[in-house]
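Its first residue numbered 1, the sequence shown is counted upward by one per residue in my numbering.
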Amino acid sequence: TDGDLNYQIDFETDDEIGTLIKSFNLMTKQLATGREQIALSGEMLKQQNAELEKGRQYIEIVLENISAGVISIDNKGTIMTINKAAESMLDINSRDILNHNFKDVLKNDYLKIANKINTQVAQGQETLRIPLSATVSGAPKHFFLNFNTLKNDQDKNVGAVLVFDDVTELEKAQRVAAWREVARRIAHEVKNPLTPIKLSAQRLKRKYGKEINDDVFTSCADTIVEHVDLIKNLVNQFAAFAKFPDANVTQCRIENIVLETIALYREGLENVDIKSRFAENIPMLKLDQQHMKQAFINLVDNAVYAVNKKGTILIDISYDEILKIVRIEIADTGKGISDKEKTKLFEPYFSTKKSGMGLGLAIVHSIISDHNGVIRVQDNKPEGAKFIIELPAYS
Ligand SMILES: Nc1ncnc2c1ncn2[C@@H]1O[C@H](COP(=O)(O)OP(=O)(O)O)[C@@H](O)[C@H]1O
Ligand SMILES: [Mg+2]
1 TDGDLNYQID FETDDEIGTL IKSFNLMTKQ LATGREQIAL SGEMLKQQNA ELEKGRQYIE
61 IVLENISAGV ISIDNKGTIM TINKAAESML DINSRDILNH NFKDVLKNDY LKIANKINTQ
121 VAQGQETLRI PLSATVSGAP KHFFLNFNTL KNDQDKNVGA VLVFDDVTEL EKAQRVAAWR
181 EVARRIAHEV KNPLTPIKLS AQRLKRKYGK EINDDVFTSC ADTIVEHVDL IKNLVNQFAA
241 FAKFPDANVT QCRIENIVLE TIALYREGLE NVDIKSRFAE NIPMLKLDQQ HMKQAFINLV
301 DNAVYAVNKK GTILIDISYD EILKIVRIEI ADTGKGISDK EKTKLFEPYF STKKSGMGLG
361 LAIVHSIISD HNGVIRVQDN KPEGAKFIIE LPAYS
């Protein structure tokens, strides 16, 4: 019960009852202070708990809202936390891995990497920075993994925190920039001597062809001229990749550029069906028409090759009014692209074709980048490949 501890007996006497009353009064007084103290400590505890809870919630909110993926594990390797960014970056569901040991979650190469990290930690390494390439739901990704061991006050290892940065777009841009520079130099160095070589061969043929009257002579001269033209063509492709003439940007309809591109392929492809599907709300875009058309030609060219004379190519354009992004999908029912190939696709000189230059997609990538857009590749369902371009619409 909630006894009244302030109750005091008011009675003066020197006998035993008097002593009893005194002790009683003392006791109730002490009990009262004790209860006050308990109430006070209870209040303090409550406050501290509330502050701790606030701190915990704050950390949780921070973790959920940063763009880096964050995963923490305890010192036995059990996965303790995983934030939203990590879930979407790695395409995993926290429910499937929380409270599981990483050894049960990871497979093959990833387990090898984890074991390597483990050995290094065992040797006293506390932080690691590891570049990682992975295919996440069919799309190639590049990450930087930052690994930090966690220590408590007594310097005891209590686990580790892993922070993932998605550097896919950055890496692609850097690689393309490097290749552009190489291409620019090659184009420059090789192109200059070509014209005099060709002119000289033609001149020799003109001047001495009749006089010498030998098939070998004329055919050699012709071969030189012909191959110089081939090299010139290659160099021009280099140059196109290295630097486009300055962009000539106008307001235009991307649907028209797509239709013009398709028109180029109408003839001569009997069993290849090239279809288009445009949403009704596509805004006008500020584009370099010529470059954009070149990009679509390169993409359709690849798709036509991939379907190998028989199949369907669908170009779909839609508009996200909230994000203000125009999305163009070019899907084909061709042979598709392996995960390994996907990681190299946009690099110059990557080709699986006998006579492929491997510049097509590198050029597409730089055109789309010049328009502040992005391009990525996915598997098409049920078969083939799908290239997705996203362009910002500025009003
Ligand atoms: N739609 C597609 N389907 C299958 N593979 C493709 C497709 N588009 C591109 N590729 C692959 O990407 C490679 C690079 O393409 P690209 O840069 O245009 O160079 P190239 O066409 O000269 O080979 C191709 O060799 C091919 O392996
Ligand atoms: Mg190509």
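Just so it is clear, CB atoms sit at the ideal spot from N, CA and C, and this is done for glycine as well. None of the values given here were measured: they were computed from a predicted structure.
Check: Glu-138 C-beta below 7 Å from any heavy atom of ligand 2: The question names Glu, but residue 138 is Gly in the sequence shown. Checking every heavy atom of ligand 2 against the Cβ of Gly-138, none is found closer than 7 Å.
Presumed contact (8 Å Cβ cut-off) between Ile-66 and Ala-85, rounded CB distance: Right, the Cβ-Cβ distance comes to about 6 Å (below 8 Å), so this counts as a contact.
8 Å Cβ cutoff met for Asn-152 and Val-161: Contact flag unset, no.
Rounded distance between the beta-carbons of Glu-126 and Asn-146, thought under 8 Å: 12 Å between Cβ atoms; not a contact.
Alpha carbon of Ile-315 to alpha carbon of Arg-327, nearest angstrom: Roughly 10 Å separates the two Cα atoms.
Residues near ligand 2, criterion Cβ-heavy atom distance below 6 Å: Taking a cut-off of 6 Å from the heavy atoms of ligand 2, the residues with a C-beta inside it are Asn-298, Asp-301, Asn-302 and Gly-360.
Exposure of Val-216, with buried meaning 16 or more beta-carbon neighbours within 10 Å: Flag for Val-216 reads exposed.
Gly-334 versus Asn-93: straight-line alpha-carbon distance, rounded: Their Cα atoms are separated by approximately 32 Å.
Gln-289 beta carbon less than 8 Å from that of Cys-252: Their beta carbons are under 8 Å apart, which means Cys-252 touches Gln-289 by this criterion.
Separation of Leu-204 from Asp-222, as counted between CA atoms: Rounded to the nearest whole angstrom, the CA to CA distance from Asp-222 to Leu-204 is 10 Å.
Touching by the beta-carbon criterion (3+ pairs, under 8 Å), the stretch 88 to 107 and the stretch 174 to 193: The stretch 88 to 107 and the stretch 174 to 193 do not touch, with fewer than 3 CB-CB distances between them shorter than 8 Å.
Helix, strand or coil at Ser-276 according to DSSP, with G and I counted as helix: The three-state reading of DSSP puts Ser-276 in strand, counting E and B together.
Rounded C-alpha distance that separates Glu-16 from Ser-41: Using only the alpha carbons, I get a separation of about 37 Å.
Inter-stretch contact (C-beta, 8 Å, three-pair minimum) for the stretch 45 to 57 and the stretch 70 to 77: Fewer than three pairs of CB atoms, one per stretch, sit closer than 8 Å, so the stretch 45 to 57 makes no contact with the stretch 70 to 77.
Supposed close pair Ala-139, Gln-378 - CB separation, criterion 8 Å: About 6 Å separates the CB atoms of Ala-139 and Gln-378; that is less than 8 Å, so the two are in contact.
Extent of the continuous alpha helix (DSSP H) run through Leu-98: Bounds of any alpha helix (DSSP H) do not take in Leu-98, whose DSSP letter is neither H nor E.
Buried versus exposed, by CB contacts within 10 Å (16 or more), Lys-354: Within 10 angstroms of the beta-carbon of Lys-354 lie fewer than 16 other beta-carbons, which makes it exposed.
Contact test: Ser-63 Cβ vs ligand 1 heavy atom, cutoff 7 Å: Just to set this straight, residue 63 is Leu in the shown sequence, not Ser. No, Cβ of Leu-63 sits at least 7 Å from all heavy atoms of ligand 1.
Contiguous beta strand (DSSP E) assignments of at least 3 residues, all confined to the stretch 292 to 356: Within the stretch 292 to 356, the beta strand (DSSP E) runs of at least 3 residues that lie entirely inside it are, in chain order, 311 to 320 and 325 to 332.
Under the three-state DSSP convention, the category Val-163 falls into: Of the three classes helix, strand and coil, the one that applies to Val-163 here is strand, per DSSP.
Nearest neighbour of Ile-368, chosen from Glu-64, Ile-254 and Asp-109 [CA to CA]: Considering only alpha carbons, the answer is Ile-254.
Contact belief for Lys-198 with Val-163 at Cβ below 8 Å, rounded distance in angstroms: In fact, because the Cβ distance is near 57 Å, the residues do not count as touching under 8 Å.
Spatial distance of Lys-46 from Leu-31 (CA atoms): Between the alpha carbons of Lys-46 and Leu-31 lies a gap of roughly 22 Å.
Enclosing beta strand (DSSP E) for Glu-126 [first to last residue]: Where Glu-126 is concerned, there is no enclosing beta strand (DSSP E), because DSSP gives it neither an H nor an E.
Length of the line joining the Cα atoms of Thr-312 and Gly-268: The alpha-carbon atoms of Thr-312 and Gly-268 are separated by roughly 15 Å.
Ala-385: first and last residue of the uninterrupted beta strand (DSSP E) it sits in: Taken as a continuous stretch (DSSP letters only), the beta strand (DSSP E) holding Ala-385 covers 385 to 392.
Selected residue, minimal CA-CA separation from Tyr-319, among Ile-389, Val-307 and Asn-83: Of the candidates Ile-389, Val-307 and Asn-83, Ile-389 places its Cα closest to the Cα of Tyr-319.
Other residues of its chain near Asn-25: CB distance less than 6 Å, five sequence neighbours each side excluded: Around Asn-25: Gln-8.
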